[in-house]
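Under this note's numbering, think of the first position of the sequence shown as 51, with each following residue one higher.
Glycine residues also receive a C-beta, built at the ideal position from the N, C-alpha and C atoms.
Report on one structure; see the data block that follows.
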Amino acid sequence: MAKLSMNEKLPFDEATAPPRVSTGDLPMHAEIRRLVTEAYERYRSDDSGTVADYIPLLAEASPDLFGIAVVGAWGRSFEIGDVAARFSIQSVSKPFVFALVCDELGYEAARLRLGVNSTGFPFNSLMAVELNAERTMNPLVNAGAIATTSLAPGSTPEEKWESIRERLSLFAGRELTINAEVYASESATNRRNHGIAHLLNSYERLYSDPDEATDIYTRQCSLDVTTHDLAVMASTLANGGVNPVTGDTVIGPGVCRRVLAVMASAGLYELSGDWLYQIGVPGKSGVSGGIVTVAPGKGGLATYSPPLDAAGNSVRGQLATKYLAERLGLNLFASVPAEGPPVPAVIDSNWGLRPGGCARRPFGRRSVQQHGDEGEEQHRQHAGTDECRSVLPQHRAAGNSDLGQRHDEGQRGRRAQHQLSALAEDQRVAVDNQHR
Ligand code: GLN
Numbered sequence: 051m052a053k054l055s056m057n058e059k060l061p062f063d064e065a066t067a068p069p070r071v072s073t074g075d076l077p078m079h080a081e082i083r084r085l086v087t088e089a090y091e092r093y094r095s096d097d098s099g100t101v102a103d104y105i106p107l108l109a110e111a112s113p114d115l116f117g118i119a120v121v122g123a124w125g126r127s128f129e130i131g132d133v134a135a136r137f138s139i140q141s142v143s144k145p146f147v148f149a150l151v152c153d154e155l156g157y158e159a160a161r162l163r164l165g166v167n168s169t170g171f172p173f174n175s176l177m178a179v180e181l182n183a184e185r186t187m188n189p190l191v192n193a194g195a196i197a198t199t200s201l202a203p204g205s206t207p208e209e210k211w212e213s214i215r216e217r218l219s220l221f222a223g224r225e226l227t228i229n230a231e232v233y234a235s236e237s238a239t240n241r242r243n244h245g246i247a248h249l250l251n252s253y254e255r256l257y258s259d260p261d262e263a264t265d266i267y268t269r270q271c272s273l274d275v276t277t278h279d280l281a282v283m284a285s286t287l288a289n290g291g292v293n294p295v296t297g298d299t300v301i302g303p304g305v306c307r308r309v310l311a312v313m314a315s316a317g318l319y320e321l322s323g324d325w326l327y328q329i330g331v332p333g334k335s336g337v338s339g340g341i342v343t344v345a346p347g348k349g350g351l352a353t354y355s356p357p358l359d360a361a362g363n364s365v366r367g368q369l370a371t372k373y374l375a376e377r378l379g380l381n382l383f384a385s386v387p388a389e390g391p392p393v394p395a396v397i398d399s400n401w402g403l404r405p406g407g408c409a410r411r412p413f414g415r416r417s418v419q420q421h422g423d424e425g426e427e428q429h430r431q432h433a434g435t436d437e438c439r440s441v442l443p444q445h446r447a448a449g450n451s452d453l454g455q456r457h458d459e460g461q462r463g464r465r466a467q468h469q470l471s472a473l474a475e476d477q478r479v480a481v482d483n484q485h486r
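Structure below.
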């Protein structure tokens with residue numbers, strides 16, 4: 051089968067520095083606390099799904115365990131339920147190991163070796179079982195994940211394992227350790243993963259010894275975490291790669307956004323499309339019952355509840371995440387119509403510019419409604435001036451205009467507002483644990 055790839059001439063560098071991003075904020079703290087409580091109460095008695103048993107030790111988890119944690123990109127936590135219960139991270143480790151491999155190799159080199167597509171088959175393929183020419187589809191299903199682990203930095207298995215454990219600990223903001231019982235239980239039964247690794251090796255799509263890669267992959271899946279840890283890890287991905295609790299830079303923002311792109315398309319296995327359709331944010335599930343969800347710029351959400359659906363995703367976790375994603379305003383695809391009636395016959399077209407473009411935003415509907423022709427006239431006068439020839443990042447880089455500064459001040463103002471409201475609430479509650 052022919053190799054399918056996006057136009058590789060597309061530039062992979064970041065266009066602006068600092069990058070322009072548009073995200074938004076979580077609701078006020080009291081509102082988050084109220085919604086997290088509501089989601090917990092609503093789904094805690096849902097007893098559908100079954101606890102995974104193909105790794106024997108996982109079958110011992112209580113189906114009643116249920117925890118939800120939200121960590122804002124400012125580092126503040128809202129938690130309820132069994133958030134301190136420990137469980138093995140399982141597949142939730144995959145995007146984080148992918149992140150460290152991207153950081154090591156560069157995200158473009160990582161894409162070429164691992165793939166980042168959800169299926170890889172042509173839209174009209176009749177043969178879903180047709181083999182993909184690249185063998186590994188993406189870093190979040192077992193084949194791609196074992197190949198990712200095989201690329202971890204280090205020249206011995208011990209060094210590779212330490213590089214994974216250390217980096218995942220930085221994501222979590224505390225020293226993570228292996229759950230020896232889960233590791234032993236999975237090691238004794240994971241012949242299928244060994245088989246996948248050997249198959250990949252035969253196609254030269256594995257980058258270390260297959261048994262060694264499978265063993266390190268099994269250790270990575272056996273790292274012990276809590277719901278709180280997962281929320282901090284998710285929040286680090288929501289915060290451009292900086293852990294919002296410790297302040298540590300764990301990965302760069304360029305790697306961060308690629309990891310989220312792969313999570314969006316493949317984080318929930320064959321139900322990733324449904325997840326994105328319903329919830330609209332990158333997520334990653336694990337077979338022990340954890341799910342992380344990342345709202346870029348806003349924060350991370352984690353849920354833990356062992357009973358799974360047929361695809362291996364936590365049932366209560368999906369329900370609570372859907373409930374919260376809607377009410378916290380996380381969906382990346384959501385928009386609401388602009389306020390007020392449309393402005394008829396206003397067409398912004400080139401506004402008298404020479405090629406090269408203008409940094410100033412064209413007047414939007416609200417601005418035209420407020421300022422009418424006057425606003426439009428101002429814009430026309432601006433067109434063609436010296437200021438107009440340059441673009442905002444150039445202004446900022448050259449330091450010859452206050453445009454970039456005004457933008458940055460706006461951002462700082464938002465941050466300060468959040469910190470003030472956090473301080474006011476600190477007196478009352480830092481972590482809502484009344485329902486633990
Ligand atoms: N360690 C598990 C496996 O490889 C991870 C699977 C999962 O969490 N979905 O089977």
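8 Å Cβ cutoff met for residue i and residue j
i, j, result
"residue 336", "residue 325", "no"
"residue 256", "residue 143", "no"
"residue 353", "residue 117", "yes"
"residue 285", "residue 123", "yes"
"residue 203", "residue 154", "yes"
"residue 268", "residue 240", "yes"
"residue 206", "residue 147", "no"
"residue 139", "residue 211", "no"
"residue 392", "residue 312", "no"
"residue 231", "residue 150", "no"
"residue 305", "residue 152", "yes"
"residue 194", "residue 156", "no"
"residue 355", "residue 162", "no"
"residue 129", "residue 248", "no"
Three-state secondary structure (DSSP) of residue i
i, result
"residue 153", "helix"
"residue 199", "helix"
"residue 135", "coil"
"residue 399", "coil"
"residue 204", "coil"
"residue 245", "helix"
"residue 331", "coil"
"residue 168", "coil"
"residue 300", "coil"
"residue 87", "helix"
"residue 213", "helix"
"residue 158", "helix"
"residue 105", "coil"
"residue 78", "coil"
"residue 235", "helix"
"residue 393", "coil"
"residue 186", "coil"
"residue 110", "helix"
"residue 255", "coil"
"residue 94", "coil"
"residue 314", "helix"
For residue i: DSSP bridge partner residues
i, result
"residue 119", "129, 352"
"residue 274", "138"
"residue 341", "335, 353"
"residue 228", "273"
"residue 364", "358"
"residue 292", "299"
"residue 100", "358"
Close beta carbons around residue i, own chain, < 7 Å, minus the five adjacent residues each side
i, result
"residue 32", "Beyond the ends of the chain as shown, which are 51 and 486, falls residue 32; an answer cannot be given."
"residue 328", "372"
"residue 383", "330"
"residue 276", "133, 134, 135, 136"
"residue 89", "118, 370, 373, 374"
"residue 76", "82, 122, 348, 349, 378"
"residue 70", "none"
Other residues of its chain near residue i: CB distance less than 6 Å, five sequence neighbours each side excluded
i, result
"residue 292", "299"
"residue 350", "121, 281, 284, 285, 288, 344"
"residue 221", "146, 283, 286, 300"
Whole-number beta carbon distance between residue j and residue i, since they are thought to touch under 8 Å
i, j, result
"residue 348", "residue 288", "6 Å"
"residue 341", "residue 270", "Contact flag wrong, Cβ pair sits at about 18 Å."
"residue 282", "residue 121", "5 Å"
"residue 243", "residue 182", "Residue 243 to residue 182, Cβ: 18 Å. No contact."
"residue 141", "residue 315", "Residue 141 to residue 315, Cβ: 15 Å. No contact."
"residue 319", "residue 362", "6 Å"
"residue 303", "residue 290", "4 Å"
"residue 235", "residue 105", "6 Å"
Cβ neighbours of residue i in the same chain (closer than 8 Å, five flanking residues each side left out)
i, result
"residue 219", "225, 226"
"residue 357", "97, 98, 99, 100, 101, 113, 339, 364, 365, 366"
"residue 228", "215, 269, 272, 273, 274"
"residue 381", "329, 330, 331, 375"
CB contact below 8 Å: residue i versus chain C
i, result
"residue 327", "Of the protein chains in the structure, only one exists, and it is not chain C."
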